[in-house]
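Numbering (the working numbering), first residue to last: 14 to 443. Yeah, the Cβ is synthetic: ideal placement off N, Cα and C, and Gly gets one too. Below is one structure, written out as structure tokens; comments come after it.
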Amino acid sequence: MPALVMAVAQPVWSRVDEAAHFDVIAQYASGVYPHDSVTTIRPETLDVMQRTGVYGFIVDNAYAKPDVPAEFSTMPAALSPAAQVLWIRRHGWQFSYEAFQPPLYYVAALPAWLIGRTIGGPIGAVYAVRVFDALLAALLAPMAMLIALRIWPTRHAAGWAAAALTALMPGVALNLTSVTNDVLVSVLGGACILVAISGSWTRGRVVTAGLLLGAALLTKTTAVALAPALAYALLDVRRSGGVRQLLAGFALAAGCIGPWLVSNVMVYGELISTREQLVMAAFPPRTSDPGFWGVSTLHSYVTFWTGDPFLSVPGAVALALVAALLSGLALAGLWRARRSSEVVRAALRITALAAAGAAVVAVSSPILAAFDAPGRLAYVGLAGVTALVAIGLWFELHSPRLVRAAVGLFGVLSMAGMALLIAPQPAAQL
């Protein structure tokens, strides 16, 4: 329910690249395979921008006022790095700059886009895809519950706590209900974790795991975070795993993503379009400054729990502090859980490895350019993370009343913040 409400109520556009993701769907609908530094936005995207007055995007928690010329511009040659960054911040909205992303989400969302456009024009297409995304996001809470129950089968209440945490997170309700490929990779990532911790490695389960990993990679490359956890699971001989199962699963995943990699070589001249992304980067060059990496890592953690852009949800500071408390308690509880006979330890290790991989991918994302790492890049492991937090809280707090109070406090702050975010603002007094 929070996801569906936010899909309809949050402003258009979301400042987390919603316009660019929408435009890739529009390009596909027009039969265009876009090139992110070359292809300019479709008329449908421009129409929504003109209606809403929102052209640009949030960069490092600041908004650079866009230049809106009568005709689309081309990037001047021989700009200094600083001038190029400023030019992209003012003019980058003109380009289909998310075109470098893998295609699966945009293809999956295309029917909703077409239906919405038929009913309500470009704005209708935005809301139709948002509702599609909200329905996908609604799958994450039951996935988190199932993962928690696979790890700790005798404690059903931990599963409910995992579901509640997932459903109440502002990042889920806010960031995964705009037009974004983050929602599909989150769902596929959760499904991949669930398969990885379930049962023996039959042929069907190996095929399912490989296809899920391949589909996740074909949605967003952050899904590489799951590869170590899935490899560990496939090699588990106690579940009839081994090298053959590992090779089969990863061969299927490679088969899914292979055609897209070939298309990248044909269009961009490289498997992953890093040079193209740097050309369109609205950020300074990468840095090894420890201060930057410390701030970026904190930014990633806070936005994971409270949503992106940074501190955009009212009360986000209090919510982040509560999330830090819950995380600390959960880590202590998981340390106890690893020795419990009630816990399926292999499932616990696989889920923890997936969560750690997601965290590493998110935190290391500024390796190409110096931007504050967004926590939503770790949502590929979201269902696993919330399952682990719920289990850790139960082991550390022991009391059902305390667990309910902890999750309830997080939920109250989250719901209040989201309600204030979408509440109508009073008119300014003259």
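Exercise for the section: Measure the CB-CB distance between Ala229 and Gly202 and report whether it falls below 8 Å. Expected result: Their beta carbons are under 8 Å apart, which means Ala229 touches Gly202 by this criterion.
Practice task
Would you decide whether Leu178 is buried or exposed? Buried here means 16 or more other CB atoms lie within 10 Å of its CB.
Solution key: The residue in question, Leu178, is buried, as its Cβ has 16 or more Cβ neighbours within 10 Å.
Handout entry: Where Met448 falls, given that 16 or more other Cβ within 10 Å makes a residue buried
Key = The requested residue 448 does not occur in the structure, where the chain is confined to residues 14 to 443.
Handout entry: 8 Å CB neighbourhood of Val61 in its chain, flanking five on each side removed
Key = Val25, Trp26, Ala32, Phe35, Pro135, Ile136, Val139
Exercise for the section: Flag this pair as yes or no: are the beta carbons of Leu347 and Leu401 separated by less than 8 Å? Expected result: yes
Exercise for the section: Alpha carbon to alpha carbon, how far is Ser109 from Ala359? Give it in angstroms, no decimals. Expected result: 43 Å
Handout entry: Own chain, CB closer than 6 Å to Leu433, minus 5 neighbours either side, in chain order
Key = Pro327
Problem - For Ala238 and Asp385, the rounded distance between their alpha carbons - result: 19 Å
Problem - Opposing strand residues paired with Pro298 [DSSP bridges] - result: Ala382
Practice task
Check whether the stretch 308 to 325 touches the stretch 374 to 394, taking contact to mean three or more Cβ pairs, one atom from each stretch, closer than 8 Å.
Solution key: Because the criterion of three Cβ pairs below 8 Å is met, the stretch 308 to 325 and the stretch 374 to 394 touch.
Problem - Pick from Leu395, Arg351, Ala343, Ser378 that is closest to Ala367, judged by C-alpha positions - result: Leu395
Handout entry: alpha helix (DSSP H) segment containing Gly129, residue limits
Key = 117 to 150
Problem - Spatial neighbours of Val416 in its chain, beta-carbon cut-off 7 Å, leaving aside the 5 residues before and after - result: For Val416, where only same-chain residues beyond five positions count, the Cβ hits under 7 Å are Ala174, Leu406, Trp407, Leu410.
Practice task
Could you check how far apart the C-beta atoms of Leu390 and Ala369 are, in whole angstroms? I think they sit under 8 Å.
Solution key: The Cβ separation is near 14 Å, so there is no contact.
Handout entry: Given Ala16 as reference, the closest of Ser213, Leu149, Gly66 once Cα atoms are compared
Key = Leu149
Practice task
May I have the straight-line CA-CA distance separating Ala147 from Ala91, to the nearest angstrom?
Solution key: 43 Å
Problem - CB-CB length for Leu197 against Tyr118, believed under 8 Å - result: With a contact defined as Cβ atoms closer than 8 Å, Leu197 and Tyr118 qualify at about 4 Å.
Problem - Alpha-carbon spacing of Val9 relative to Val208, whole angstroms - result: Coverage of the chain is limited to positions 14 through 443, which leaves residue 9 absent and any answer about it impossible.
Problem - Rounded separation between Leu123 and Ala372 - CA only - result: 30 Å
Handout entry: Reduced DSSP category for Thr53 - H, G, I as helix; E, B as strand; rest coil
Key = Note: Thr53 maps to strand in three-state DSSP.
Handout entry: Identity of the residue in Trp106, Val98, Ala95 nearest Val81 by Cα
Key = Trp106
Handout entry: Nearest-angstrom Cβ-Cβ length linking Met428 and Leu181, presumed shorter than 8 Å
Key = 7 Å
Exercise for the section: Could you please give the first and the last residue of the uninterrupted alpha helix (DSSP H) stretch that includes Ile270? Expected result: 256 to 281
Problem - As assigned by DSSP and simplified to three states, the class of Phe444 - result: Since the displayed the chain opens at 14 and closes at 443, residue 444 lies outside it and no answer follows.
Problem - Cα-Cα separation between Ala419 and Ala261, rounded to whole angstroms - result: 43 Å
Handout entry: Coil, strand or helix - Phe317 by DSSP
Key = helix
Handout entry: Phe408 - containing alpha helix (DSSP H), residue span
Key = 395 to 410
Problem - Three-state class that DSSP yields for Phe113 in the structure shown - result: coil
Practice task
Return yes when the Cβ of Pro322 is within less than 8 Å of the Cβ of Arg28, no when it is not.
Solution key: Yes. Within cutoff.
Problem - Backbone secondary structure at Phe108 - three-state DSSP - result: strand
Exercise for the section: With DSSP as the reference, label Ala337 as helix, strand or coil. Expected result: helix
Exercise for the section: Could you name each continuous alpha helix (DSSP H) segment of 4 residues or more that falls completely within the stretch 170 to 213, going from the start of the chain to the end? Expected result: Here the runs fully enclosed are 195 to 209.
Exercise for the section: Leaving out five residues on either side along the sequence, give the residues of the same chain with a beta carbon under 7 Å from the beta carbon of Asp249. Expected result: Contacts found: Ala359.
Exercise for the section: Apply the 10 Å Cβ neighbour rule to Leu334 and answer buried if 16 or more other Cβ atoms are within range, or exposed otherwise. Expected result: exposed
Practice task
Name the two residues that bound the continuous alpha helix (DSSP H) containing Glu31.
Solution key: Annotation: the continuous alpha helix (DSSP H) that includes Glu31 extends over 31 to 42.
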